[in-house]
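Asker: Quick one: this structure, given as C-alpha cells, is what I'll be asking you about.
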Amino acid sequence: MIIMDFSNNITFQRVYYDNISKTLFVIFRNGHGTKYAHHNVPNEVFQGFKESNFSNKFYYQNIKYKYSHKIDFLTDEDHKYLNFHDY
Numbered sequence: 001m002i003i004m005d006f007s008n009n010i011t012f013q014r015v016y017y018d019n020i021s022k023t024l025f026v027i028f029r030n031g032h033g034t035k036y037a038h039h040n041v042p043n044e045v046f047q048g049f050k051e052s053n054f055s056n057k058f059y060y061q062n063i064k065y066k067y068s069h070k071i072d073f074l075t076d077e078d079h080k081y082l083n084f085h086d087y
C-alpha cells in the first residue's frame with residue numbers, strides 16, 4: 001500500500017494505492033469525508049499521477065472517468081488507518 005499525504009495540495013487530502021488489488025483511493029479536501037475508490041488502475045497510471053505531482057488535471061483526464069469508481073464516506077477504520085485527526 002502506498003499512501004501519499006498532502007499538506008499543500010489544493011484538491012487532494014490523501015491518495016493511497018493498493019498495488020495488489022490495483023485500487024486507487026482518492027480523498028478530496030472538501031471537508032465532507034468522501035473517498036473515491038477507483039478499481040483496476042494500472043500501476044503505470046498511478047505512477048503517471050504521482051509524476052504529475054497529483055495534479056487535478058491528470059486525475060480528471062486519466063483516471064476519474066476511465067476507471068470505475070465507488071464513492072463512499074470515510075469509515076472509522078479509514079480514520080484510524082490513515083491517522084486522520086481533522087474530520
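Per UniProt numbering, residue 1 is the first one in the sequence shown, and the count goes up by one each step. Idealized CB from N, CA, C, for every residue including glycine. All values derive from a computational prediction rather than experimental measurement.
Going by the DSSP bridge assignment, what does residue 59 pair with across the sheet?
Answerer: Counting from 1 along the sequence shown, the entry for residue 59 is found at position 59. DSSP output for residue 59 lists no bridge partner at all.
Asker: Any contact between the region 37-44 and the region 73-80? By contact I mean 3 or more CB pairs, one from each, below 8 Å.
Answerer: Not touching, per the Cβ criterion.
Asker: Can you tell me which of 60, 37, 49 puts its alpha carbon nearest to the alpha carbon of residue 21?
Answerer: Here residue 21 refers to the residue found at position 21 of the sequence shown. With distances taken between Cα atoms, residue 21 lies closest to 37.
Asker: What first and last residue would you give for the alpha helix (DSSP H) that runs through residue 50?
Answerer: Taking the first residue of the sequence shown as position 1, residue 50 is located at position 50. Where residue 50 is concerned, the enclosing alpha helix (DSSP H) stretches over 43-51.
Asker: Given a cut-off of 8 Å, decide if residue 49 and residue 28 are closer than it, judged by their beta-carbon atoms.
Answerer: Counted from its first residue, the sequence shown places residue 28 at position 28. Counted from its first residue, the sequence shown places residue 49 at position 49. In this structure, residue 49 does not lie closer than 8 Å to residue 28 by Cβ.
Asker: Using alpha carbons as the reference points, say which of 24, 10, 19 lies closest to residue 66.
Answerer: Along the sequence shown, read from residue 1 onward, the residue named residue 66 stands at position 66. Cα-wise, what sits closest to residue 66 is 24.
Asker: Does the beta carbon of residue 27 come closer than 8 Å to any beta carbon on chain C?
Answerer: Absent from the structure: chain C. Only one protein chain is present.
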